[in-house]
Every structure is written in structure tokens, then in C-alpha cells.
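>
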Amino acid sequence: MGENPACIFVVTRGRKNEEILVLKGVHYYAQFPWFLCYHPRSCTQSTCFRGLIRFFCQSRVNSGNEAIDKAVIEDFCAYFVKYVNIGAISDPINCDNAWVSFTALHIQLPLDYKLVEEVENMLMIKECTISWVTREELPKLRKSHREAMEAVI
Numbered sequence: 144m145g146e147n148p149a150c151i152f153v154v155t156r157g158r159k160n161e162e163i164l165v166l167k168g169v170h171y172y173a174q175f176p177w178f179l180c181y182h183p184r185s186c187t188q189s190t191c192f193r194g195l196i197r198f199f200c201q202s203r204v205n206s207g208n209e210a211i212d213k214a215v216i217e218d219f220c221a222y223f224v225k226y227v228n229i230g231a232i233s234d235p236i237n238c239d240n241a242w243v244s245f246t247a248l249h250i251q252l253p254l255d256y257k258l259v260e261e262v263e264n265m266l267m268i269k270e271c272t273i274s275w276v277t278r279e280e281l282p283k284l285r286k287s288h289r290e291a292m293e294a295v296i
């Protein structure tokens, strides 16, 4: 019951965000990687969100090589650009006297980023396909995810 804080990753490639990472397949609407989280109100949010990104990525990697996994995560985290608190958004996942309050996290990779495959594997969700699309090619997104994207790029 009550508010459930969550972070939505808006991962882009290119200086002008030419491509956007999208997950398709679990729901009718496409989405971005996201996770529920908790952070104390007393934290410095930029530092806290960097830590949350790192923690989420650590929970997702499974190459079997800890040194490589750590290097990929650290490199990915270095491209964290900004966060925007979105707040609660009317969305089908908000029900049962509980709601999700979103923060958008923008990670902007270079267009020629060398670790794209590793990042895709890290952010992949079971039964989803992952793709990079332009804004013009964006499939229908969950409302909360579209608002997160519009807030950061």
C-alpha cells in the first residue's frame, strides 16, 4: 500500500540521443528497463542514483567473469547524465491502493560505444527483445515510460 519508488532507465546512444534502447515482448506496450527502489530522503540524490544504477546492474550481470562484469558496470555508470523526478503517473501497474512514483535516469552512451552487446545482455529481461530505435521508430510505450523519456531527452 502507498507509494513505491521506482527508477526507469532511459538509455540513449549518440550526442543527440539518436537511438533509444527499448524492450518489447512482456506487455502490449514497449518499455524501458526499470526497477523498484528505496533511498532515504537524506541522501544526495545524484550519488544515490549512481549507487542504485550500480546495484541494479550488479544484480543483472552473469557472465561468470567478475572482473569483466565490474568493468562493464563501471563503464556504463560513467555515462549517467541526469535524473528527473517524475512522481506518480496513472498507469495500469498502479492499483490496489498502491502506486509507483517514478524517477527517470538518463544514461547517454556514445554512438560508437564498444560495450553495447554487454549492456544489452545486462539490461535484457526474460521473454523480451531488446532493440535500438530512433524517436520516429518508437513503438507504443507504457505511459509512465514515455513521460520518463520526455522528461530527460
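In the working numbering, the protein residues as written are 144 to 296. Beta carbons are placed, not taken as given, at the ideal position from N, Cα and C, and that holds for glycine.
Would DSSP call L281 helix, strand or coil?
L281: coil per DSSP, three-state reduction.
> What residue from K213, K159 and H288 has the CA that sits closest to M265's CA?
Comparing Cα positions, the closest option is K213.
> State the start and end residues of the unbroken alpha helix (DSSP H) segment that holds I211.
Residues E209 to C220.
> How would you label R156, buried or exposed, when you count the other beta carbons within 10 angstroms and need 16 or more for buried?
R156 is buried by the Cβ-count criterion.
> So which of L166, A221 and Y172 has the shortest CA-CA distance to R193?
When only C-alpha atoms are compared, the closest one is A221.
> Around the C-beta of H170, are 16 or more other C-beta atoms found within 10 angstroms, so that it is buried, or is it exposed?
The residue is exposed, with fewer than 16 neighbouring Cβ atoms inside 10 Å.
> Measure the alpha-carbon distance for R289 versus F198 and round it to whole angstroms.
Taking the straight line from one Cα to the other gives about 24 Å.
> Do A294 and A231 count as a contact pair if the criterion is CB distance below 8 Å?
Not in contact: A231 and A294 (Cβ atoms no closer than 8 Å).
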